[in-house]
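Enquirer: So the sequence shown is numbered by the numbering used here: it starts at 520 and just counts up by one.
Where a beta carbon is used, it is the ideal one built from N, C-alpha and C, also for glycine.
Just so you know, these numbers come straight off a predicted model, no measurement behind them.
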Amino acid sequence: MLNAKKEGIIICDIAELFLGPIHKYEPVYANEKPDALVIKDGKIESIGETTRIFADYSRNDYDIINCNSRKIVCSGFVDSHTHLVFAGNRSHELSMKIKGKSYLEIAKAGGGINYTVKETRNASEEELSRLAIQRLDQMLLHGTTTIEAKTGYGLTPESEMKLLKVINELNNKHPIDIIPTFLGCHIKPEDFTGNNWDYVELMIQLLPEIKRLNMANFVDIWVDYGAFSIEESTAFLTAAKENGFDLRIHADEMENVGAAIMAASMGAVSADHLLKAEAISASAMADADVVANLLPGTPFVLMSNNYANFPMFRDAGVTVALSTDFNPNCYILNMQTVIALGSFMMKMLPKEALKAATYGGAKSLKIEKEVGSLDLGMNADITIFDVPSIDSLVYQFDRNHVSDVIKDGNIVVKNKEIVKNTK
Ligand SMILES: [Zn+2]
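Structure below.
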């Protein structure tokens with residue numbers, strides 16, 4: 520039959536196949552080295568050696584992606600910490616930072632987070648959506664198939680609800696799956712007249728409506744010197760739990776204020792940043808199964824040498840995620856850059872970094888049973904890189920190596936171009 524619809528996709532002759540933590544796939548014979556995947560109905564149907572796969576499946580019935588033993592394959596990246604939606608360009612602040620201007624001086628000159636808040640409040644939903652789609656396209660071209668996206672640049676009830684609406688609508692408009700987080704307690708905005716407690720109370724009042732409309736999976740708060748205290752955060756997170764939200768926390772970035780230990784005691788899913796966290800925080804997080812979401816782009820743009828202590832978290836038995844922290848002060852959309860920073864600045868082996876950028880991110884979003892590894896029955900979210908080994912992916916850190924991306928079993932990026940831009 521001419522133009523018969525294919526049954527699915529087979530990726531074969533893979534130079535290095537990174538499956539991630541798997542439980543269902545078992546080698547058919549000893550020493551099997553899987554280098555092929557069968558994708559059917561949006562899921563991974565079979566894993567094995569190319570010759571065995573083609574003994575079981577007919578080449579004619581499938582679209583074939585042949586890696587010719589020179590491309591590697593892994594799960595699509597899960598970028599589990601992004602501030603995707605905002606308006607306003609802050610590129611001019613870079614020169615100020617290089618000349619030694621402090622955060623406070625930049626803020627006084629009209630820059631910093633309050634500038635982003637002003638621009639975001641003034642932007643229409645259409646404009647915010649248009650900007651976000653440009654960013655999502657770049658993420659997809661660089662191999663990301665699922666992200667988390669936070670609010671936090673509105674900081675009034677109306678504008679925070681506007682951002683949640685934009686994020687939820689984006690999820691229907693773009694192939695990347697977007698998991699929304701309410702970060703109304705990012706920081707108290709400069710035009711708010713009350714104190715931190717008044718502001719936290721205002722944000723608590725929004726929680727039942729956000730839950731009723733099912734507009735966010737997670738609630739987040741920045742717990743730090745200059746942001747919210749442990750006491751204020753405990754009140755906010757307790758209310759969030761009572762309203763049925765899962766918790767993630769901006770923790771111990773600037774100072775060790777005990778936020779990681781609070782994350783463990785509150786049962787948070789993820790504690791993020793952790794630049795100042797210590798061994799006692801890591802062991803509390805391991806006991807409570809809190810993911811350490813490490814964001815090495817942040818110290819890089821802060822021109823700091825203080826990176827999170829990856830070996831400490833690994834040795835304590837904590838699951839580690841790697842994410843971009845994409846925001847107006849940390850303009851990274853490419854998870855390959857984050858993996859390189861993880862390896863070069865935090866002593867992560869390339870495979871450890873890759874696992875953190877896929878499985879770790881998925882676990883921090885409670886979706887590790889669907890995405891983040893390439894086991895049988897998992898969603899077929901797959902990235903193909905034009906490098907011959909995982910080591911090469913990090914070693915050659917200067918460019919985008921993604922050639923093809925598959926999302927839910929559909930080819931969305933082919934030969935470095937987006938070929939499907941909707942769900
Ligand atoms: Zn953040």
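Once you ignore the five residues that flank Thr817 on each side, which residues in its own chain have a CB closer than 6 angstroms to its CB?
Expert: Closer than 6 angstroms at Cβ, skipping near neighbours: Asp844 and Cys849.
Enquirer: Can you tell me whether Asn690 is helix, strand or coil according to DSSP?
Expert: DSSP places Asn690 in helix when its eight states are reduced to three.
Enquirer: Taking the alpha carbon of Ala606 as the reference point, which residue from Thr670, Leu659 and Val557 has its own alpha carbon closest?
Expert: It is Thr670.
Enquirer: DSSP puts Ser789 in a beta bridge; with which residues?
Expert: DSSP lists Arg767 and Val810 as partners of Ser789.
Enquirer: Quick one: using the 10 Å Cβ neighbour count with 16 as the cut-off for buried, is Tyr914 buried or exposed?
Expert: Exposed is the call here.
Enquirer: Rounding to the nearest angstrom, what Cα-Cα distance links Ser610 and Ile698 in this structure?
Expert: Distance between the alpha carbons of Ser610 and Ile698: 27 angstroms.
Enquirer: Cβ of His693 versus every heavy atom of ligand 1: is any distance shorter than 7 angstroms?
Expert: Every heavy atom of ligand 1 is 7 angstroms or more from the Cβ of His693, so no.
Enquirer: What are the boundary residues of the alpha helix (DSSP H) that Ile617 is part of?
Expert: Taken as a continuous stretch (DSSP letters only), the alpha helix (DSSP H) holding Ile617 covers Glu612 to Ile617.
Enquirer: Buried or exposed: which applies to Ala899, given that a residue is buried once 16 or more other Cβ atoms fall within 10 Å of its Cβ?
Expert: Burial call: buried.
Enquirer: Have a look at Glu564 and Ile533 and give me their C-alpha separation to the nearest angstrom.
Expert: Those two C-alpha atoms are separated by around 17 angstroms.
Enquirer: On the premise that Ile768 lies in contact with Ala803, defined as a C-beta separation below 8 angstroms, what is that separation, rounded to the nearest angstrom?
Expert: Incorrect: roughly 13 angstroms between the Cβ atoms, too far for contact.
Enquirer: Using the C-alpha atoms, what's the distance from Lys926 back to Asp582?
Expert: Answer to the nearest angstrom: the Cα atoms are 15 angstroms apart.
Enquirer: Taking 8 angstroms as the threshold, find out whether the stretch 655-670 comes into contact with the stretch 681-699 through three or more Cβ pairs.
Expert: The stretch 655-670 vs the stretch 681-699: in contact.
Enquirer: Mind checking Leu613: buried by the 16 CB within 10 Å criterion, or exposed?
Expert: Exposed, because fewer than 16 other Cβ atoms sit within 10 Å of the Cβ of Leu613.
Enquirer: So what does Trp741 bridge to, in DSSP terms?
Expert: Looking at the DSSP assignment, Trp741 forms a beta bridge with His769.
Enquirer: On the CB-based measure, 16 or more other CB atoms within 10 Å of its CB, does Tyr718 come out buried or exposed?
Expert: Classification of Tyr718: buried, given that the 10 Å Cβ count is 16 or more.
Enquirer: Can you tell me the Cα-Cα spacing of Tyr548 and Ser599, whole angstroms?
Expert: Between Tyr548 and Ser599, the C-alpha separation is close to 36 angstroms.
Enquirer: Measuring only between beta-carbons, confirm whether Ala798 sits less than 8 angstroms from chain D.
Expert: Of the chains in the structure shown, none is chain D; there is only one protein chain.
Enquirer: Please report the distance separating the alpha-carbon of Gly861 from that of Lys882.
Expert: Near 18 angstroms, if we compare the C-alpha coordinates of Lys882 and Gly861.
Enquirer: His661: beta carbon under 7 angstroms from a heavy atom of ligand 1?
Expert: Every heavy atom of ligand 1 is 7 angstroms or more from the Cβ of His661, so no.
Enquirer: Put Phe829 into one of helix, strand or coil per three-state DSSP.
Expert: Phe829: helix per DSSP, three-state reduction.
Enquirer: Just the C-alpha distance for Glu936 and Val776, rounded to the nearest angstrom, thanks.
Expert: Each residue's Cα considered, the two are about 45 angstroms apart.
Enquirer: Where does the unbroken alpha helix (DSSP H) through Ala555 begin, and where does it stop?
Expert: Looking at the DSSP string, Ala555 is not in any alpha helix (DSSP H); the run it does join, the beta strand (DSSP E), is Ala555 to Lys559.
Enquirer: Does the beta-carbon of Gly874 have 16 or more other beta-carbons within 10 angstroms, so that it is buried, or is it exposed?
Expert: One point to set straight first is that residue 874 is Lys, not Gly, in the sequence displayed. Buried, since its Cβ has 16 or more Cβ neighbours within 10 Å.
Enquirer: Roughly how many angstroms separate the alpha carbons of Lys870 and Ala628, rounded to a whole number?
Expert: Looking at the two C-alpha atoms, the distance is approximately 43 angstroms.
Enquirer: Is His602 near ligand 1, in the sense that its beta carbon is under 7 angstroms from a heavy atom of that ligand?
Expert: Yes, the beta carbon of His602 sits closer than 7 angstroms to at least one heavy atom of ligand 1.
Enquirer: Pick helix, strand or coil for Gly515, following the three-state DSSP scheme.
Expert: Since the first residue shown for the chain is 520 and the last is 942, residue 515 is missing from the structure and cannot be characterised.
Enquirer: Give me, in chain order, the residues of the same chain whose beta-carbon lies closer than 7 angstroms to that of Lys707; leave out the 5 immediate sequence neighbours on both sides.
Expert: Same-chain partners within the cutoff: Asn715 and Tyr718.
Enquirer: Decide yes or no for the touch test of the stretch 545-559 against the stretch 567-578: beta carbon pairs closer than 8 angstroms, at least 3 of them.
Expert: The answer is yes - the stretch 567-578 touches the stretch 545-559, with three or more Cβ pairs under 8 angstroms.
Enquirer: Could you tell me the distance, in whole angstroms, from the CA atom of Lys618 to the CA atom of Leu841?
Expert: Between Lys618 and Leu841, the C-alpha separation is close to 30 angstroms.
Enquirer: Taking DSSP's pairing of strands, which residues face Cys593 in a bridge?
Expert: Answer is Thr902.
Enquirer: Out of Gly567, Lys525, Met734 and Glu526, which one is the CA nearest neighbour of Leu895?
Expert: Taking only the C-alpha atoms, the option nearest Leu895 is Gly567.
Enquirer: Give every residue of the same chain whose Cβ lies closer than 6 angstroms to the Cβ of Ala782, excluding the five residues on either side of it in the sequence, and list them in chain order.
Expert: The residues are Ile768, Ala770, Ala790 and Val809.
Enquirer: Return the residue from the list Ala798, Asn846, Arg578 and Ser752 that minimises the CA-CA distance to Arg654.
Expert: The candidate whose alpha carbon is nearest that of Arg654 is Asn846.
Enquirer: Which one or two residues does DSSP pair with Val839 in a beta bridge?
Expert: The partner list for Val839 (beta bridge, DSSP) reads Ala811.
Enquirer: How would you call Thr941, buried or exposed, if buried means at least 16 neighbouring beta carbons within 10 angstroms?
Expert: Per the 10 Å Cβ criterion, exposed.
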